[in-house]
Structures are given as C-alpha cells and as structure tokens.
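**Student:** Have a look at this one before I ask anything.
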Amino acid sequence: MEVARHWRQRATRYRLEGQRHVRTGEVRFPARPLTVGEQDGDWEPLRLSGRGEIYSFSVIRQAPDGFESMTPYPVALVRLEEGPLVAAQLTDCVEADLAIGLPVEMVTRQLLDTGADNLLVYGYKFRPRLVATTERL
Amino acid sequence: MMKPQRPVGLVGYGVYVPRYRIAAREIAQLWTDGQGGLPVDAKSVPGPDEDTITMAIEAARNALARADLAAERLSAVWVGSESHPYSVKPSGGIVAEAIGAAPWVSTADFEFACKAGSEALTAAMALVGSGMADYAMAIGADTAQSRPGDALEYTASAGAGALIVGPAELALATLDATVSYVTDTPDFFRRADRPYPVHGNRFTGEPAYFHQISSAAKKLLTDLGKTPQDFTYAVFHQPNAKFPQAVAKRLGFSDAQIAPGLLSPQIGNTYSGAALAGLCATLDVAQPGETIFVTTYGSGAGSDAYALTVTEQVEAARGRAPMTSAYLSRQVFIDYAHYAKWMGKLVMG
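First to last, the sequence lines map onto chains A and B. Add 52 to a position in the first sequence, counting from 1, and you land on the number used in the numbering used here. Add 154 to a position in the second sequence, counting from 1, and you land on the number used in the numbering used here.
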C-alpha cells in the first residue's frame, strides 16, 4: 500500500495547487520543499486556474502497471495560463481531437484503481475545453 | 409544509453529465431482438475514469462559479448518491477537499435511492435557514447500476447536480417552502454487497412513484394555497420519459411547464442527479419573477417537494458556468461492448 504517498499529494492532485514566489511572482507546479538559500515564507500556496493549452502530446499504447486497461490513452504537456508546464493524462478525447495549441481545462478524475482492498486515486487530467468541444460538434 | 426561520434560496447551481451515451435501441438489439417499446432514446454512460465523486466535483465547481463564492465559505458539502465509490469512506470528504472547502466544513454522504440529493437539499435549507451557517452545498450524483438485460439497463445512467443554499437576499432563486413524504414501500432495493438492484416491476408505478410524488406535490400546493397554473415550470423525478409526463398531467401541469427540465429522454435516469439536474436545466432558461415547482422521488420510498421563485440574480449567475445544454450536446455514442467493459459488467474469471 502506498496510502501515505497518495495522501501527501492531495492538494497538488485535487486542486492543482502550486506555489507563487512572494517577491518575484514566479509560479511553480508542483509545490516543492525549500532549497538552499530560500527562506520560510518565500513561496505561498497558489491554486492554479486549470486552463492552459497543449504544448505537446503523445498516445500511450504500452502502459505502465495499473494503466493497461486504459490503452490507448493520450498524454500531454500542458502549458498552464500561469506559466508552468504540467505532464498529465488527457480525457474525454481521442487522438484525432488533439493538436498543439489546443485549449484544455483541468478536471478531476480517477487516476488509478489500486485494487479492491486499496485506494481509488483521484487527481487532475485535462480535456479539450467544454465550450470549445461543443462548438466543434 | 416546512419553511426556514430565515429566508433561504439557491445562490449557485451546477450540473454534470458525462459525454458518453448508449442508445436504448443498441441495448434492445442485444436482449430483445429490437422488439418492444423503449423507455428513453439514450442514456449517459460514465467514462472509464468517472464515478460519483468525479461527477460531483465538476457539478460542485460549476455551482461555486455561478455563486461567485470561495469554497472556504461553505459550511457543508453533502453528497447524496446510491453509488458512492466506497462503502466506507465519505465521498463528501474527497469532494470537499477537491473544491477547496476542507477542512472547516461539515460533510456527509446521504442515501435515499434517487432522492438522496434532495434530502441533502432539505438539510442545507435547515442549516442556512436556522442561521447556523451562511452557505451549504447539496449534491446529487450517481453512476447507477443495472443488471444486464434488466428493464433498468435501458435507463440507469450517470450525472450530477449541485446546489448551493444561501441567504434569500443573495439568491438567484428563493426556496420558499418544502414538504417531505415517506412511506415504507419496497419498490426497488439493493442488499449490501450485491452488485445490482432489484425492482418490483409494476409495483414501481402506482403505489411507489405516483403515490409518493402526488402526495408530496398536492400537500405543498394545498399548504401554499396555490394551483399548478401558479407555477411557470415544474420538475419531477424522471426514471424514464413517461413517468414524469404522466404524473405532471395527473397533477394538472402542462407539457410546456415540464419541458425545460425533462432530460430523461436524452440521458436516462441519473438517479440522485435527476431532479436536481432537471432543476438546473430549468434555471438555465428561467426569467426573474418566474416560479418553479420541484418534486423528487426516491425508491423505498418518498418524495420531497419544493417551491422556488427566480430572482434577478439568475441572469448574472447562469453565464458563469457551462449550461446544461453544453453537456447534453457533447454526446459520443458507444456500443454495448465498450459499455459492458467500462461498467464492469464483464466477469474476468
């Protein structure tokens, strides 16, 4: 069981919570512990908007353990509005729907079912923006 | 009827419907050679990464956006469902954490078949109406189960509705009064650890759905001194296309009054989400000063009825989140094989 590992990531995974530097305004995701030269209070939690666009994408056909039943599934690097680049699964779409620059939005979905006597793991994925999707149809 | 001491209303509402659909005729081809009538045209199907919790989260985010409210201001997040992903571990805790309402919040999972969401709504009216809290969220969400080949398989679908109750003076629609009517009527049930519910066929009609809804609706109308013609719109629980139309007609409501909130022909029965999503769809089109009459239904059995009056706030609020029609129009039809795989209906041995 990896209950603690999943639990620690809940702010990151559920709310797309990153950090903003209190002086420079730099935004980073995910949140990181302090490094050498940084002081307590330099970074504040920041909930990201979840809006961004596809920077690059691929389709997974040989999946890692636990993801086999989902293949083929698209993944992407998403450039968020606030700046950070996030690697994530895409959902509610197929390869033909995708293009570099496509506007996407964050949704919370099941990431992984770790077994009947274990956790359902929830977290962020991205999908083509709902209104944009509707307009294409 | 029950009225809160402090006037309350809805300050936000949000809906969620998955993009996938299966046509009723696709199911009928497999089990009845396509013979016989169909209770709906199609039903919504949750994607392989969706469940009651994920749908509740998106509906809740839409409701918060419409309310233009920080999630930390919610004093309660209550989730009604008969398909909570865990038997023990609250859906409400995950939803509250995801939308940012945790940790200073009351959460609970409600259960009353298809009216679990409206149980939460009545409780939210009481929490705000007593002055204990300013904002409380009630969600109804389900990924309904159905035995392969059973009549329920044509309709048991997936969707969610989320409502935020707040002070009436800030509301986009005031919640004027409610009644609850409950009897022990075993029309539909699922024993613990059983994968699919069973139902009493014709018993699900007259003594169950029609009796509870008619009783609750007539009582609220009588107590308010109103008639069906005094309301602009009406929403009834919708297990199929026929029942809500039939009960509306019996009570004296017209087809036009129920049209905006009648979603079951397109998406089936979203169980705890059904009446709430119907209300949301009605709020999408309602104008200030118009009135809405809502009656929910849950097997087992009981009904909650509500009278609402739409305010001027509705016009600013509704554009802040996707309309119900945006979810209804993004339909992607799947075949029975994908449906069976995604819904866990294949036994892998």
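Glycine included, every Cβ here is placed at the ideal spot set by N, Cα and C.
With DSSP collapsed to three states, give me the class of lysine 396 of chain B.
**Tutor:** Residue state, collapsed to three classes: helix.
**Student:** Could you tell me whether the region 329 to 338 of chain B touches the region 457 to 464 of chain B, where touching means 3 or more Cβ pairs closer than 8 Å?
**Tutor:** Because the criterion of three Cβ pairs below 8 Å is met, the region 329 to 338 of chain B and the region 457 to 464 of chain B touch.
**Student:** Give, in chain order, every residue of the region 152 to 181 of chain A whose Cβ lies closer than 8 Å to some Cβ of chain B.
**Tutor:** Cβ contacts with chain B: Val159, Thr160, Arg161, Gln162, Leu163, Leu172, Tyr174 and Lys177.
**Student:** I'd like to know if threonine 186 of chain A contacts chain B, where contact means its C-beta is closer than 8 Å to some C-beta of that chain.
**Tutor:** A caution first: threonine 186 of chain A carries a pLDDT of 39, below 50, which makes its placement in the model too unreliable to give a value.
**Student:** How long is the line joining the alpha carbons of threonine 261 of chain B and glycine 188 of chain B, rounded to whole angstroms?
**Tutor:** Each residue's Cα considered, the two are about 45 Å apart.
**Student:** My output table needs one value for valine 501 of chain B: the three-state DSSP class, helix, strand or coil.
**Tutor:** Three-state DSSP puts valine 501 of chain B in coil, outside helix and strand.
**Student:** Considering only C-alpha positions, which residue in the set B:Gly313, B:Gln399 and B:Tyr387 is nearest to alanine 213 of chain B?
**Tutor:** Ranking B:Gly313, B:Gln399 and B:Tyr387 by Cα distance to alanine 213 of chain B puts B:Gly313 first.
**Student:** Secondary structure at histidine 58 of chain A, three-state DSSP: helix, strand or coil?
**Tutor:** Residue state, collapsed to three classes: helix.
**Student:** Go to valine 319 of chain B, then tell me how far its beta strand (DSSP E) extends in each direction, as first and last residue.
**Tutor:** Unbroken beta strand (DSSP E) run through valine 319 of chain B: 312 to 321.
**Student:** Any C-beta of chain B within less than 8 Å: which residues of the region 74 to 108 of chain A qualify?
**Tutor:** Flagged, chain order: Arg99.
**Student:** What residue ranges within the region 328 to 401 of chain B form continuous beta strand (DSSP E) runs of no fewer than 3 residues, ordered along the chain?
**Tutor:** The qualifying runs are 387 to 390.
**Student:** Which ranges would you report for the beta strand (DSSP E) in the region 245 to 278 of chain B if only whole runs of at least 3 residues count?
**Tutor:** For the region 245 to 278 of chain B, whole beta strand (DSSP E) runs of length 3 or above, ordered along the chain, are 260 to 264.
**Student:** With distances taken Cα to Cα, identify the nearest neighbour of leucine 317 of chain B among B:Ser368, B:His391 and B:Trp232.
**Tutor:** Of the candidates B:Ser368, B:His391 and B:Trp232, the one whose C-alpha sits nearest the C-alpha of leucine 317 of chain B is B:Trp232.
**Student:** Along the beta strand (DSSP E) that carries proline 239 of chain B, what are the first and last residues, could you check?
**Tutor:** Premise fails: proline 239 of chain B is in no beta strand (DSSP E) and is neither H nor E.
**Student:** Chain B beta carbons: is any one of them nearer than 8 Å to that of threonine 64 of chain A?
**Tutor:** Not closer than 8 Å to any Cβ of chain B, the Cβ of threonine 64 of chain A fails to qualify, so no.
**Student:** In this structure, does DSSP put leucine 98 of chain A in helix, strand or coil?
**Tutor:** Here leucine 98 of chain A sits in strand by DSSP.
**Student:** Under a three-way DSSP split, which group does alanine 455 of chain B fall into?
**Tutor:** The answer is strand: DSSP assigns alanine 455 of chain B an E or B state.
**Student:** Helix, strand or coil for aspartate 212 of chain B? Go by DSSP, reduced to three states.
**Tutor:** First, the residue type needs correcting, since residue 212 of chain B is glutamate and not aspartate in the sequence shown. Looking at glutamate 212 of chain B - three-state DSSP - the assignment turns out to be helix.
**Student:** Just the Cα atoms here: how many angstroms apart are valine 127 of chain A and alanine 225 of chain B?
**Tutor:** Whole-angstrom Cα-Cα distance: 30 Å.
**Student:** Lysine 243 of chain B by DSSP, collapsed to three states: which one?
**Tutor:** Lysine 243 of chain B falls in the coil class under three-state DSSP.
**Student:** So, phenylalanine 397 of chain B versus phenylalanine 447 of chain B, is the Cβ gap smaller than 8 Å?
**Tutor:** It is not a contact, given that the beta carbons lie outside the stated cut-off.
**Student:** Could you tell me the alpha carbon to alpha carbon distance between histidine 238 of chain B and serine 300 of chain B, rounded to whole angstroms?
**Tutor:** If you take the alpha carbons of histidine 238 of chain B and serine 300 of chain B, they lie about 15 Å apart.
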